[in-house]
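*Asks:*
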Amino acid sequence: MDIVCGLKKQVVSLFRHIKILKNFFSLTTAEVINRAAALIYLPYIARVFGPDGFGKVNFAESVAGYFMLAANFGFDVIGMREVAKFKEKKNAFAHILFIELVTSCISFLALCAFVYFIPKPLEIKMLIVLYGLTLITFAFTIDWFFIGLEWMGAVAVVSMVRQFFYIGLILLIIRAPGHLWRLPMSFIAADIVAIVIFFCLFFARVKKQDFKIEWRSVRYFSREALPLGVSNFLNSSRDKVGPVVLGFLRSISEVGFFSVGYKLLCVANIIPLTLNRAIFPNMAHALKNKTHEEARAYIRKIFEITSIIAFPAAFLIFYNADFFVRFIFGPSFQDGIYITRIIIWSTALLMFNKLYYYYMVAIGAQKRLVACCLAGLAVNIGLCLIFVKVWGGRGAALAFLVSELVIGVVYYFASGARTAPGREFVKAFICFSPSLLFCFFADGRAHPLIITSLAAVLYAAIVFKAYDIKSLFKGEDARAGGYDVGSL
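Using numbering that gives the first Met the number 0, the first residue of the sequence shown is number 0, and each one after it goes up by one.
Okay, here's the thing in structure tokens:
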């Protein structure tokens, strides 16, 4: 009997391991391809629009983004959690869809009222309204349902189809600086394509769903999402504080320079953020059975993987910032180089903080999330208002970096996860030190990309020597810091 139970445990462990890796691989592949594809249209629109036009569209997108946060309010994450925890539930889909449609319509009306009163040119107001139309398409985007069921392959394919359709429209219809309005329209058209595909897959693969709306369930989902929505609004607002403050206190061009650094920051976070999304359904399912230690094991293991990636990713972009900005965005964006070199160091902090965020959502600690995100937003706004007046875009980047550090400390104490990335990060930094020394002594002797490529090879060799790569992703007998990661 013990042999049978042991064999069953090993089979379940292997199944979970394969499923997690499959989900991670699907999302990561899609994200890498999408980000690489973005390197086609970002340089194109940056060069066509110039710093001023690029700043206008990013300012409009950031303003509309605040109303998007109000429309979302965490309902997609709650829906994802409910579907992952209770796959037998048949009413989550209809209720989340209904609530998001209502909140999206209200948010769009509020956005139109806001645009009417702000002291901005008509062109910028129209751009904000056009980006506001994505509130409606967002309500019908049901990728959260597929993620909850761990159908990551479908999510990955649809996201790639949407991205390439978006790029194709941009290259086809945007030809001059006056075509700013065509960018949000292309975005909306791509959203519609993705929505149609998602619903076709939904009706083809999901046989039984209860579409009856019950006000008791609406109240339940609203009550669950309220603190998460507030925290999500506060947390995501920090990303938009820089462009919005720069747009009102400085110039639109500086918004464009800041956006350059932030978009490169997003590229650096591809793999760790998709890993968190892939692991979230498993973490939520583990916590359904109150196995908090298993969820903490997920966190510790992802800390180890993330630490290996975080510092090198930040340094790669820091060292090559001059080349990346000039090559991707053009020489007219050279003022964005120093902004990039400041904001990119928040890469590692952002990676770890996102993991704490998903853990707190999984354990249902939405109210604690509100306090954490409020602290980060308050620090970012306060420092932005001070630093932007003195240093412009560089000040906004510095404010973002400090706020990310503050929220990381608050997350650690509020989550109760009892694990921090300190030890893993120090180990990864020690492994990367020889590559740092190599870059220092080789600086100026070859192209920066060649130097960092050789440094990356050296780092990879050290990592393979210092880490047990098998136990890093699978380790039925592996131990790390006294915990069993066999279930991963």
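Heads up, the beta-carbon is just placed ideally off N, CA and C, and yes, glycines get one too.
Here's the rule I'm using: 16 or more other beta-carbon atoms within 10 Å means buried, otherwise exposed. How should Lys239 be labelled?
*Replies:* buried
*Asks:* With Phe202 and Phe74 assumed to form a contact (beta carbons below 8 Å), what rounded beta-carbon distance in angstroms separates them?
*Replies:* Actually they are not in contact, since the Cβ atoms of Phe202 and Phe74 sit about 21 Å apart, beyond 8 Å.
*Asks:* Please list the segments of the alpha helix (DSSP H) lying wholly inside the region 391–470, counting only runs of 4 or more residues, in order along the chain.
*Replies:* Whole alpha helix (DSSP H) segments, 4+ residues: 392–414, 421–441 and 447–465.
*Asks:* According to DSSP, is Ile316 helix, strand or coil?
*Replies:* helix
*Asks:* Do Ile336 and Ala320 count as a contact pair if the criterion is CB distance below 8 Å?
*Replies:* Yes.
*Asks:* Measure the alpha-carbon distance for Ser432 versus Ile342 and round it to whole angstroms.
*Replies:* 21 Å
*Asks:* The alpha helix (DSSP H) that contains Asn234, what's its start and end?
*Replies:* Trp214 to Leu248
*Asks:* If you reduce the DSSP assignment to three classes, tell me which class Asp142 lands in.
*Replies:* helix
*Asks:* Using only the alpha-carbon positions, how far apart do Gly264 and Ser61 sit?
*Replies:* Before going further, note that residue 264 is Leu rather than Gly in the sequence given. So the alpha carbons of these two residues sit roughly 16 Å apart.
*Asks:* If you count every other CB in all the chains shown that lies within 10 Å of the CB of Arg80, and 16 or more means buried, which is it?
*Replies:* Within a 10 Å sphere around the beta-carbon of Arg80 sit 16 or more other beta-carbons, which makes this residue buried.
*Asks:* Since Phe97 is in the alpha helix (DSSP H), which residue starts that stretch and which ends it?
*Replies:* Ala91 to Phe116
*Asks:* Give me, in chain order, the residues of the same chain whose beta-carbon lies closer than 7 Å to that of Lys7; leave out the 5 immediate sequence neighbours on both sides.
*Replies:* Caution applies to Lys7, whose pLDDT of 41 falls short of 50 and renders its modelled position unreliable; the value that the coordinates give is listed next. Within the same chain, Lys7 has no close Cβ partners at all.
*Asks:* With a 10 Å radius around its C-beta and 16 neighbouring C-beta atoms as the bar for buried, classify Cys372 as buried or exposed.
*Replies:* So Cys372 ends up on the buried side.
*Asks:* Roughly how many angstroms lie between the CA atoms of Val101 and Leu225, to the nearest whole one?
*Replies:* Cα to Cα, Val101 sits roughly 15 Å from Leu225.
*Asks:* For Gly52, which residues of its own chain have a beta-carbon under 7 Å away from its beta-carbon, when the five flanking residues on both sides are left out?
*Replies:* Pro176 and Leu179
*Asks:* Please go through the same chain and pick out, in chain order, the residues whose beta-carbon is closer than 8 Å to the beta-carbon of Leu436, but skip the five residues on each side of it.
*Replies:* Nothing meets the Cβ criterion.
*Asks:* By a C-beta neighbour count over all protein chains shown, 10 Å radius and 16 as the cutoff for buried, is Glu174 buried or exposed?
*Replies:* First, the residue type needs correcting, since residue 174 is Arg and not Glu in the sequence shown. Exposed is the call here.
*Asks:* Pull up the distance between the alpha-carbon of Ala374 and that of Ala445, whole angstroms please.
*Replies:* Roughly 44 Å separates the two Cα atoms.
*Asks:* Excluding five sequence neighbours on each side, which residues of the same chain lie with their C-beta closer than 7 Å to the C-beta of Tyr318?
*Replies:* Cys438, Pro447 and Thr451
*Asks:* How would you call Val425, buried or exposed, if buried means at least 16 neighbouring beta carbons within 10 angstroms?
*Replies:* By the Cβ neighbour-count rule, Val425 is exposed, with fewer than 16 other Cβ atoms within 10 Å of its own.
*Asks:* May I ask which residues mark the beginning and end of the alpha helix (DSSP H) holding Phe351?
*Replies:* If you look at Phe351, you'll find it in the alpha helix (DSSP H) that goes Ser345 to Ala361.
*Asks:* Quick check on the DSSP output: the alpha helix (DSSP H) that includes Leu132 runs from which residue to which?
*Replies:* Here Leu132 belongs to no alpha helix (DSSP H), and DSSP marks it neither H nor E.
*Asks:* Which value, in whole angstroms, describes the spacing of the CA atoms of Thr140 and Val128?
*Replies:* 19 Å
*Asks:* Am I right that Val387 and Ala395 are in contact with their C-beta atoms under 8 Å? What's the rounded C-beta distance?
*Replies:* 5 Å
*Asks:* In chain order, what residues of the same chain lie with their CB nearer than 6 Å to the CB of Ile461, ignoring the 5 residues before and after it?
*Replies:* Cys430
*Asks:* From Gly392 to Ile338, what distance separates their C-alpha atoms?
*Replies:* 6 Å
*Asks:* Below 8 Å between beta carbons: does that hold for Leu134 and Met67?
*Replies:* Leu134 is a Cβ neighbour of Met67, given a cutoff of 8 Å.
*Asks:* Would you decide whether Ala29 is buried or exposed? Buried here means 16 or more other CB atoms lie within 10 Å of its CB.
*Replies:* In this structure Ala29 is buried. Its beta-carbon is surrounded by 16 or more other beta-carbon atoms within 10 angstroms.
*Asks:* Take Phe310 as the anchor and find which of Tyr458, Val56 and Leu182 has the nearest alpha-carbon.
*Replies:* Tyr458
*Asks:* So, are the CB atoms of Gln333 and Leu227 less than 8 Å apart?
*Replies:* no
*Asks:* Is DSSP giving Gln333 helix, strand or coil here?
*Replies:* Correct three-state label for Gln333: coil.
*Asks:* Rounded C-beta distance between Gly329 and Arg46? I'm assuming under 8 Å.
*Replies:* 5 Å
*Asks:* Would you decide whether Pro120 is buried or exposed? Buried here means 16 or more other CB atoms lie within 10 Å of its CB.
*Replies:* exposed
*Asks:* Can you have a look at Ile298 and say buried or exposed, based on whether 16 or more other CB atoms are within 10 angstroms of its CB?
*Replies:* With 16 or more neighbouring CB atoms inside 10 Å of its own CB, Ile298 falls in the buried class.
*Asks:* Label Ile304 either buried or exposed according to how many other C-beta atoms from any shown protein chain fall within 10 Å of its C-beta, with 16 as the threshold for buried.
*Replies:* buried
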